[in-house]
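Participant: There's a structure below that I have some questions on.
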Amino acid sequence: MSFRTAFARRLRAREGLAGTFIKSADPAVVEVLGLAGLDFAILDAEHVGIDRAGIAAMMVASRAAQLPVLVRIPQLDGHWIATALDAGAAGIMAPQVPDAATATRLAARMRYGAGGEAGGRGFSPSTPGAGYGSRGIAAHLDAHAGETVLICQIEDPGAVARSAEIAAVQGVDGLLVGPVDLAVSAGFTSATEPAVAAMTRDVLGACAGTAKTAGLFLGQPDQAPGWQADGANLFVLGTDQGFILNGARQALAQMRGTA
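Our numbering puts the first residue of the sequence shown at 364, with every later residue one more than the last.
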């Protein structure tokens with residue numbers, strides 16, 4: 364079983380999973396995070412200046428580290444989905460998904476040809492994601508859906524209200540709340556507002572009792588048990604940049620005796 368298939372199965376089984384955003388374009392970061400024991404990482408192409416070649420290089424590191432890496436795409440279109448999955452990404456994280464219709468279009472773009480339905484991806488058996496042709500057409504078609512996932516981000520109050528409909532879309536594997544975007548879109552300047560927590564719980568509740576995973580970005584990992592009790596099982600624990608910044612600050616404070 365490939366590491367991407369193993370990850371997809373764990374996610375679809377609603378196991379507790381912990382990962383982080385990668386906001387750097389250096390493949391070494393992927394390898395380092397793989398050594399840390401994370402379950403997955405997400406390359407943040409929405410907010411990082413990275414192109415097609417850069418994504419491909421990061422996925423080479425993903426395979427070397429056996430660390431599943433999803434790509435948060437900058438635009439909700441088929442070009443970016445194809446770029447990421449052809450390169451070997453473990454899945455797509457789609458930001459700011461507003462409704463079920465958008466989620467349905469994204470799910471169609473995840474599939475090759477979509478059974479003849481308009482909107483599916485073009486197929487090539489020679490991409491890195493297809494093992495450079497080593498699998499063959501039939502084997503890759505059989506394996507692809509089982510080793511790639513689609514996570515829709517819920518980041519505004521309207522999407523919160525429609526989160527049950529979004530979660531119900533076939534081909535959507537889970538929902539992830541972006542608390543900062545949710546706070547800003549609701550008119551707040553802090554993700555710690557009680558109203559933001561309440562909306563987050565609404566999204567978690569929308570996934571309860573379904574086969575879909577649910578989670579959130581969590582800057583304070585010690586809060587994970589409380590969110591698990593509310594139904595979350597997918598956690599994005601900060602960013603690589605944050606780890607560097609916090610580690611440097613902590614080391615400096617310890618050296619100066621101010622920790």
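Every residue gets a Cβ at the ideal spot worked out from N, C-alpha and C, and that includes glycine.
What you are looking at is a predicted structure, and each value in this text was computed from that prediction instead of being measured.
For the ligand COA, is there a heavy atom less than 8 Å away from the beta-carbon of Ala445?
Facilitator: In terms of ligand content, the structure shown is empty, and the ligand COA therefore cannot be addressed.
Participant: Count the C-beta pairs between the segment 575–589 and the segment 529–549 that are closer than 8 Å, then say yes if the count reaches three, no if not.
Facilitator: yes
Participant: Nearest-angstrom Cα distance between Gly479 and Arg612?
Facilitator: At Gly479 the pLDDT is 41, less than 50, meaning the model places this residue with poor confidence; the figure from the coordinates comes in the next sentence. For Gly479 and Arg612, the distance between alpha carbons rounds to 54 Å.
Participant: By DSSP, does Met456 sit in helix, in strand, or in coil?
Facilitator: strand
Participant: In the DSSP assignment, find the unbroken beta strand (DSSP E) run with Val434 in it and report its ends.
Facilitator: Val432 to Arg435
Participant: State the CB to CB distance for the pair Leu461 and Gly521, rounded to an integer number of angstroms; the pair is presumed to be in contact (CB under 8 Å).
Facilitator: Looking at the sequence shown, residue 461 is not Leu but Pro. Rounded, the Cβ-Cβ distance is 6 Å, consistent with contact.
Participant: Measuring straight from C-alpha to C-alpha, what distance separates Ile418 and Gly601?
Facilitator: 20 Å
Participant: Under DSSP, the beta strand (DSSP E) around Gly559 begins and ends at which residues?
Facilitator: Going by the sequence as given, residue 559 is Val instead of Gly. No beta strand (DSSP E) contains Val559, which is instead part of the alpha helix (DSSP H) from Pro557 to Cys570.
Participant: Quick check on DSSP: helix, strand or coil for Gln438?
Facilitator: coil
Participant: Check Ala577 in the structure and name its three-state DSSP category.
Facilitator: strand
Participant: Since I believe Ser526 is in contact with Asp585 (beta carbons under 8 Å), could you give me their beta-carbon distance rounded to a whole number of angstroms?
Facilitator: That belief does not hold up - the Cβ atoms of Asp585 and Ser526 are roughly 26 Å apart, past 8 Å.
Participant: When the Cα of Arg474 is compared with those of Thr467, Arg484, Ala466 and Thr465, which residue comes out closest?
Facilitator: Arg484
Participant: Compute the distance between the beta-carbons of Ala546 and Val559, then report whether it is under 9 Å.
Facilitator: yes
Participant: Between the alpha carbons of Ala530 and Ala587, how many angstroms are there, rounded?
Facilitator: 22 Å
Participant: Fully enclosed by the segment 496–529, which beta strand (DSSP E) runs are 3 residues long or longer?
Facilitator: Counting only runs of 3 or more, we get 512–517.
Participant: For the beta strand (DSSP E) holding Ile413, just list the boundary residues, first then last.
Facilitator: Ile413 -> no beta strand (DSSP E), and no H or E assigned at all.
Participant: If you draw a straight line from the C-alpha of Ser489 to the C-alpha of Arg498, how long is it?
Facilitator: 9 Å
Participant: Give me the Cα-Cα distance between Ala466 and Ala616, rounded to the nearest whole angstrom.
Facilitator: 46 Å
Participant: Would you kindly check if the distance between the Cβ of Asp402 and the Cβ of Phe370 is under 9 Å?
Facilitator: yes
Participant: How would you label Thr383, buried or exposed, when you count the other beta carbons within 10 angstroms and need 16 or more for buried?
Facilitator: Burial call: buried.
Participant: Just to confirm my understanding: we take Met562, look at its own chain, exclude 5 residues before and 5 after, and list those with CB closer than 8 Å. What are they?
Facilitator: Leaving aside the five residues that flank Met562 on each side, the residues in its chain whose CB is nearer than 8 Å to its CB run, in chain order, Pro520, Val523, Val540, Leu545 and Ala549.
Participant: Output yes or no for whether 9 Å exceeds the beta carbon distance between Phe486 and Pro431.
Facilitator: no
Participant: Would you kindly work out how many angstroms separate the C-alpha atoms of His442 and Ala574, rounded to a whole number?
Facilitator: The alpha-carbon atoms of His442 and Ala574 are separated by roughly 28 Å.
Participant: Which of the three DSSP states is assigned to Gly479 in this structure?
Facilitator: Note that Gly479 scores 41 on pLDDT, short of 50, meaning its location in the model is unreliable; the coordinates nonetheless yield the value given after this. If DSSP states are grouped into helix, strand and coil, Gly479 belongs with the helices.
Participant: For Thr602, name the three-state secondary structure that DSSP assigns.
Facilitator: strand
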